[in-house]
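S.K.: Handing you this structure, nothing more for now.
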Amino acid sequence: MNALPCTIYVSFTGALLALAIGSRSAMAARVVALLTALTAWGITLSAASRFVPAAGLQELVNAPWIPDFGIRYHLAADGISLTLLVLTGLAATAGVLFSWNITERTGEFFALYLALIGGVYGVFLSADAFVLFVFYEIAIVPKYFLIAKWGSTNREYGAMKLVLYSFAGSALVLAGLLWAYAAGHATGFSFPELVAATGRLDLTQQTGILALVFLGFATLAGMFPLHTWAPTGHVAAPTAASMLLAGVVMKLGAYGCLRVAMPLSPAAFAVLQPYIAWLAIIGIIYAGLVALVQDDFKFVIGYSSVSHMGFVLLGLAAANSIAVSGAVLQMFSHGVIAGLLFAVVGRMVYERTHTRELAALRALPLHRLLPFAAVVFVLAGLASMGLPGFSGFPAELTILIGAWQTNPLWALAAATGVLIAAAFTLRVIAVAFFGNAGRAGPLGPPDFEDSAARPAVAPYPPITWPEKAGALLLLGATIYLGLSPDTLLNWIRPALQSPAFHAILSGGAP
Amino acid sequence: MFRVFLMSLSVQNLWLIPALPLAAAAIGALTPRTGRALAAGAAITAMAGAFILSCLALVGALAEPAAHQVFNFAWFDLGHGALRLGLLLDPLTAFMGVMVTFVSLLIFIFSTGYMKDDANYKQFFCFLSLFASAMLGLLVANSLLLLFVCWELVGLASYLLIGFWFHKPAAAAAAKKAFITTRIGDLGFLLGILWLQDTQGTLLFYDGGHGILESAALANLAHLLPCGLAASTAIGLLIFCGAIGKSGQFPLHVWLPDAMEGPTPVSALIHAATMVAAGVFLMARVYPLMAADQGLANVPVHALTVVACIGAITALMGALIAVAQNDIKRILAFSTVSQLGYMMLAIGVGSWTAAIFHLLTHAFFKALLFLGAGSVIHAAHHEQDIRRLGGLRPKMKVTFATFAIGMMALAGVPFLFSGFWSKEAILHAAHEWNVSSLPLYAGLAAVVLTALYMTRLVAEVFFGAARTAEADHAHENSPAMTMPLVLLALCAVLLGFLGTPAFPWLQARLLGDSEVHGHSLLEGSGLMRVSIVLVALGLGAGWALYGRRPRARAESPDPLAARAPRLIAALASRLGFDELYAATVGRLSSGFATFCAFLEIYVWDGAVRFLAGLGELSGLVSRENDEQGFNAGFNSASESLRKTSTAYSKAQSGDAHGYLRTLALGFVLLLIIVILGGAR
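Respectively, the protein sequence lines represent chains A and B. Numbering follows numbering that gives the first Met the number 0, with no gaps: position 412 of the first sequence is 411. Numbering follows numbering that gives the first Met the number 0, with no gaps: position 440 of the second sequence is 439.
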């Protein structure tokens, strides 16, 4: 447990190392990045293996930082942070594997990548709102460069939009926190202190503060209608960055909502709860419908991310221990599944076919040219549409059970999202991978005589070992959790018993 | 210990039954494409093992038919209680298990012949095993949640198998249609599960008095909702939605005929014998819940009444449409729709044992008919249009004889054939239902139609002269394909004697009675006489129209269509349900999706671009202001500034490499300053 802060330091050190070594040898930078990611992930896993679930945050570091404002360098963790730390380690490792083929300025790429990871670890470990905020900003900056420099389609626009949204979101958060700090005469930025400060204000002010902070974080979580950065950003980003964006960065927002915003004021949350829930539900359905008519493969996945994050927000909004534990489980599950989907689309398919247009992909017999990619995508797609056996099913089921407790209508509306998810996933599976059969007759072996008549298809480079390793890693995670969600739920549930959450989880539900 | 295990399978070991085919599926998935024999061998061996285990389980269940032996375990904890899953062994599970494993085994063997030229042979067996595993899991589940999990996996396997020949656009479309349509029903099912979990805190069927099918829970659900329905009615109808989708009931029946695009063994196994029966099985399983509102008088509708109406509509509609189809598999598909309607009708009128009896007999004779059709299709080079076949009787003697047995069982030819007895049981139950006589009349009308379309099918395919070269060249298939036909034909005859009115052994065991109370064989003989007359009428009409003067050429007009062209045309187009759904649900959802995409680009993104433009504009204005106003006086100052700028501009090398390094360096410096400053 006590080694957890090292994840931050290891990542930043790895970033500097990759920067230093990258100009000499790209391979060295890759190895440094992989070792760094593995080390950090190993730290989280070893902490997880020794983790004793308990209510409340377990102290890691607590030192004065800027005493004049009562700001302390305060790190702590509980089961919720641990879940997301393990996710970060997993996604970071898989991301390095799927970036193995980056040849352009490899050192800088991995330096920025690891800096982003370090910031993310920092956010999940922070126990002081100011520290959390600093790490949050550290995570935003590298995103811009990763997308603008190594991205594809419309990358400057995507990067700029993403960063502006992120900064706008953090501005809202900062405004809300400063409001609470100043008006409530807080002596510091620790979470309990901010809660106490908010509690000294009247309900109108409390509602205003909560609305600002929640909205700010929810922007990054892709809440409708502030979600539009997500699809463009995901599409423009290089594969590893899309994986991290959807897999981890969107979770920063949801985590902020849960850790910082919601505990601020149970009374104010009760006021805002139905609005948040309905925005989440609209997001689930709306993004699913938009995904249904996209022509770009990656946009489909981008919008599906927004739709699935709607489930996370709905789980938070339902504000009972079942729904919220489901939401955290869904954060992990979606992180893995979205990472897998982006890896197939961005790395396995796009970098070989150089197109993401579904119409163009339909003409290629991809299931035969890239069978591994096809199988992985079908499995990931099944996971994404919430089929039992994969992690999405227990996560969404838990959220729906919890949401039903708060308001059956919410569960009813959100459940239609599962249907829409099936529709858009089956559509891309059929079009992108099985659009062209490349066979002549209904029976018999592939008709090779006919192949001369078809447009010549360049044999693509085979799927490399890092791609296979990364895909198997993520697939293993989603299947393992699909069968045994208790592994994570046993960490998450006790954390929700802490006083900070207890007030919101009992007071929030009518 | 070992001897006990040998004699009967206890409930703790019930998981072995689905696990065996699952292991075969895994073997099939992991073998290379060339491992054809291994994949097929593993699938068949596992299925044979599962069949033996199911027989042992049946022995165990029949030892104490009244008991619901359960084995429950927690899946994951929700905080206030765990989501628990479980295994259940009772006569319903056991009979279904034996049927599914036996029919699957025969169909697997048939497939080794039917699919032998297919390039994806080993995938086929992998998917078949996956399907069988999910189906068997569904049967042994003691938890609505575990049942739902397997239910979804069955849907997945069905999707994979319908779309197995995905290079045919129709097959790919049919697979998607099947998955989405059944998922619409599953949505209701899921909501029913959520509701039950919320009010009961458990989803186990039987749990020592705490399960959802036990009296305490049912009493709990008797309260009325604001809309006037009892809670159990609402939940029951939501679960029924799932059954409507899976069992191809009106109005979600549209996927089932399209599913015939899959290979014929798939049609036989999934879309005739087993999977589509899962909805009927589900209704039989949760029958106590469905019937919980029967004691309430002041409710607008009872759940079972709805089930009976849907079943009656489906039975009649399926039979009507089947009369006007020309594809051999589609005729059988609509006949399946119709027969599933009969089963639902039986459940609705309160006789779930009759429904299961018909389910079991139907599974055998419909599998027989589909495999017979597959034998014909395979022999006739994939010709499926009955108008383009003909004259196959002398060429395919085994297929003809077994197909004829299946046809008579389906038509309900009296006394010797199993379909007669199970159909009589349903009609008898409908006759005794005191709510309405309409289901009975619908059932009786469907009896005539069933005999008519089956006579037409047999006459067109097997009698007369071969009308095309394909039919002319047909010859009998290998024993791998005919042997299952013979075995199924035997069952199609013998199985009926498990449940005749004189000795209703099956029904008694299903209800948990150790003793069998028989009645006279001709009990309710008035009704039986009517239905025998109706069967004769249908057979006679069919023979008069199609058999007496066989079709001469493939293009000759259909005699029935010549008499009632508009009616037959309407039926041939399946009463326009597909068009109706395409025009309403289809167009609505795609329109809505397009609208959302429009909103996305022009409204939400437009707002962002507008704000960005506004920012740019204000920047522009400010700059102009600066240039014209403030800047004028600073010209001299600017001059010196310009010089400095030149120096700086050298640093602006345009080298992103350098920028990044400077940025990182600056960032680290900044951090150090802040940290040092803070520490001081």
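Glycine is no exception: its CB is placed at the ideal position from the N, C-alpha and C atoms.
May I have the straight-line CA-CA distance separating B:Ala378 from B:Met395, to the nearest angstrom?
M.R.: Here residue 378 of chain B refers to the residue found at position 379 of the second sequence. Here residue 395 of chain B refers to the residue found at position 396 of the second sequence. Their Cα atoms are separated by approximately 9 Å.
S.K.: Curious, which full-length alpha helix (DSSP H) runs of at least 4 residues does the region 467–510 of chain B contain?
M.R.: If we require 4 residues or more, the alpha helix (DSSP H) runs fully inside the region 467–510 of chain B come out as 468–471, 478–493, 504–509.
S.K.: Which residue marks the beginning of the alpha helix (DSSP H) containing B:Phe123, and which one marks its end?
M.R.: Translated into positions along the second sequence, residue 123 of chain B becomes position 124. From DSSP, the alpha helix (DSSP H) with B:Phe123 extends over 120–139.
S.K.: Can you give me the C-alpha to C-alpha distance between A:Arg154 and A:Ala229, rounded to a whole angstrom?
M.R.: As a first step, residue 154 of chain A must be located in the first sequence, where it is residue number 155. As a first step, residue 229 of chain A must be located in the first sequence, where it is residue number 230. Near 13 Å, if we compare the C-alpha coordinates of A:Ala229 and A:Arg154.
S.K.: Could you give the DSSP three-state label for B:Glu554: helix, strand or coil?
M.R.: In the second sequence, residue 554 of chain B corresponds to position 555, counting from 1. Looking at B:Glu554 - three-state DSSP - the assignment turns out to be coil, as it is neither helix nor strand.
S.K.: Please check if any C-beta of chain B sits within less than 8 Å of the C-beta of A:Gln204.
M.R.: By 1-based counting over the first sequence, the position of residue 204 of chain A is 205. No, no contact with chain B.
S.K.: Quick check: the Cα distance between A:Ala185 and A:Ala62, rounded to an integer number of angstroms?
M.R.: For the purposes of this step, residue 185 of chain A is taken as residue 186 along the first sequence, with counting starting at 1. For the purposes of this step, residue 62 of chain A is taken as residue 63 along the first sequence, with counting starting at 1. Their backbone Cα atoms lie some 18 Å apart in a straight line.
S.K.: Considering Cα atoms alone, identify which of A:Ser80, A:Ile65, A:Val60 is closest to A:His73.
M.R.: Residue mapping note: residue 73 of chain A aligns to position 74 of the first sequence, counting from 1. Checked all of A:Ser80, A:Ile65, A:Val60; the closest Cα to A:His73 is A:Val60.
S.K.: Less than 8 Å between the beta carbons of B:Gly349 and B:Trp432, yes or no?
M.R.: Numbered from 1 along the second sequence, position 350 holds the residue referred to as residue 349 of chain B. Numbered from 1 along the second sequence, position 433 holds the residue referred to as residue 432 of chain B. Contact flag set, yes.
S.K.: Please return the same chain residues whose Cβ sits closer than 6 Å to the Cβ of A:Ile137, not counting the five positions on each side in sequence.
M.R.: One-based indexing of the first sequence puts residue 137 of chain A at position 138. Only Gly118 meet the Cβ criterion.
S.K.: Does any residue of chain B bring its CB to less than 8 Å from the CB of A:Tyr285?
M.R.: On the first sequence, residue 285 of chain A is found 286 positions in, with the first residue counted as 1. Yes, because at least one Cβ of chain B sits closer than 8 Å to the Cβ of A:Tyr285.
S.K.: Taking Cβ positions, are A:Val85 and A:Ala47 nearer each other than 8 Å?
M.R.: Indexing the first sequence from 1 puts residue 85 of chain A at position 86. Indexing the first sequence from 1 puts residue 47 of chain A at position 48. Contact flag set, yes.
S.K.: Check whether the Cβ of B:Ala242 lies closer than 8 Å to any Cβ atom in chain A.
M.R.: Position 243 of the second sequence holds residue 242 of chain B. For B:Ala242, the answer is no, since every Cβ of chain A falls outside 8 Å of its Cβ.
S.K.: Hey, A:Trp40 and A:Thr92 are a contact pair by Cβ (cut 8 Å); roughly how many whole angstroms apart?
M.R.: Against the first sequence, residue 40 of chain A aligns to sequence position 41. Against the first sequence, residue 92 of chain A aligns to sequence position 93. With 8 Å as the limit, A:Trp40 and A:Thr92 qualify as a contact, their Cβ atoms being about 5 Å apart.
S.K.: Please return the same chain residues whose Cβ sits closer than 6 Å to the Cβ of A:Leu340, not counting the five positions on each side in sequence.
M.R.: Counting from one through the first sequence, the residue named residue 340 of chain A turns up at place 341. Same-chain partners within the cutoff: Ile300, Ala379.
S.K.: For the region 200–229 of chain B, which segments carrying the alpha helix (DSSP H) assignment without a break, of at least 4 residues, lie completely within its bounds, in sequence order?
M.R.: Taking only runs of at least 4 residues, the alpha helix (DSSP H) segments lying wholly in the region 200–229 of chain B are 214–219.
S.K.: Look at B:Leu217 and B:Ala302 and say whether their C-beta atoms are less than 8 Å apart.
M.R.: Taking the second sequence and counting its residues from 1, the one referred to as residue 217 of chain B is at position 218. Taking the second sequence and counting its residues from 1, the one referred to as residue 302 of chain B is at position 303. No; because the gap between Cβ atoms is not below 8 Å, this pair is not in contact.
S.K.: Are the C-beta of A:Gly388 and some C-beta of chain B separated by less than 8 Å?
M.R.: Within the first sequence, numbered from 1, the residue matching residue 388 of chain A stands at position 389. True, the Cβ-Cβ gap to chain B drops below 8 Å.
S.K.: Count the other CB atoms, across all protein chains shown, that sit within 10 Å of the CB of A:Val417; report buried if there are 16 or more and exposed otherwise.
M.R.: Start at 1 with the first residue of the first sequence, and residue 417 of chain A comes out as number 418. It is buried - the Cβ of A:Val417 has at least 16 other Cβ atoms within 10 Å.
S.K.: Relative to chain B, which residues along the region 416–427 of chain A have a C-beta separation below 8 Å, given in chain order?
M.R.: The region 416–427 of chain A vs chain B, Cβ under 8 Å: Val417, Leu418, Ala421, Ala422, Leu425, Arg426.
S.K.: Would you check if the region 202–217 of chain A and the region 165–172 of chain A touch, i.e. whether three or more CB-CB distances between them fall below 8 Å?
M.R.: They touch, by the three-pair rule.
S.K.: Please state whether DSSP places A:Asp446 in a helix, a strand or coil.
M.R.: As a first step, residue 446 of chain A is located in the first sequence; it is residue number 447 there, counting from the start. Note that A:Asp446 has pLDDT 39, beneath the 50 cutoff, so the model's placement of it is unreliable and the number below is only indicative. Residue state, collapsed to three classes: coil.
S.K.: For A:Val60, which three-state DSSP category applies?
M.R.: The count along the first sequence starts at 1 and reaches residue 60 of chain A at position 61. Strand.
S.K.: Using 8 Å as the limit for Cβ to Cβ distance, is A:Asp449 near chain B?
M.R.: Position 450 of the first sequence, counting from 1, holds the residue named residue 449 of chain A. Interpretation of A:Asp449 is limited by its pLDDT of 42, a score under 50 that renders its predicted location unreliable; the figure taken from the coordinates is listed afterwards. So, not an interface residue.
S.K.: Between the region 214–231 of chain A and the region 188–201 of chain A, do three or more beta carbon pairs fall short of 8 Å?
M.R.: With a cut-off of 8 Å, the region 188–201 of chain A and the region 214–231 of chain A do not count as touching, because too few Cβ pairs lie within range.
S.K.: Would you call B:Leu687 buried or exposed, if buried means 16 or more other Cβ atoms sit within 10 Å of its Cβ?
M.R.: No answer is possible for residue 687 of chain B: the residues shown for chain B start at 0 and end at 679.
S.K.: With a 10 Å radius around its C-beta and 16 neighbouring C-beta atoms as the bar for buried, classify B:Met46 as buried or exposed.
M.R.: Position 47 of the second sequence holds residue 46 of chain B. Result: buried.
S.K.: Residues of chain A with a CB under 8 Å from the CB of B:Asp76: which are they?
M.R.: Along the second sequence, read from residue 1 onward, the residue named residue 76 of chain B stands at position 77. Per Cβ cutoff of 8 Å: Asp485, Leu488, Asn489, Arg492.
S.K.: So, are the CB atoms of B:Leu82 and B:Phe72 less than 8 Å apart?
M.R.: Here residue 82 of chain B refers to the residue found at position 83 of the second sequence. Here residue 72 of chain B refers to the residue found at position 73 of the second sequence. The answer is no: Cβ separation not under 8 Å.
S.K.: Check this for me: beta carbons of B:Leu190 and B:Leu288, under 8 Å apart or not?
M.R.: As a first step, residue 190 of chain B must be located in the second sequence, where it is residue number 191. As a first step, residue 288 of chain B must be located in the second sequence, where it is residue number 289. Taking 8 Å as the Cβ cut-off, B:Leu190 and B:Leu288 do not qualify as a contacting pair.
S.K.: Do A:Arg346 and A:Phe97 count as a contact pair if the criterion is CB distance below 8 Å?
M.R.: To locate residue 97 of chain A, count along the first sequence from 1; it is residue 98. To locate residue 346 of chain A, count along the first sequence from 1; it is residue 347. Closer than 8 Å, so yes.
S.K.: Work out the CA separation of A:Tyr143 and A:Leu504 for me, nearest whole Å.
M.R.: The sequence position of residue 504 of chain A within the first sequence is 505, counting from 1. The sequence position of residue 143 of chain A within the first sequence is 144, counting from 1. Near 36 Å, if we compare the C-alpha coordinates of A:Tyr143 and A:Leu504.
S.K.: Helix, strand or coil for B:Trp14? Go by DSSP, reduced to three states.
M.R.: Start at 1 with the first residue of the second sequence, and residue 14 of chain B comes out as number 15. Three-state result, B:Trp14: coil.
S.K.: Cutting at 6 Å between CB atoms, please list the residues of its own chain near A:Ala2, excluding the five before and the five after it.
M.R.: The count along the first sequence starts at 1 and reaches residue 2 of chain A at position 3. Ile42.
S.K.: Against chain A, with Cβ distances strictly below 8 Å, would B:Asp197 count as a contact?
M.R.: Indexing the second sequence from 1 puts residue 197 of chain B at position 198. Output row for B:Asp197: interface = yes.
S.K.: Within the region 179–223 of chain A, note down every full alpha helix (DSSP H) run reaching 4 residues or more, in order along the chain.
M.R.: If we require 4 residues or more, the alpha helix (DSSP H) runs fully inside the region 179–223 of chain A come out as 190–198, 202–219.
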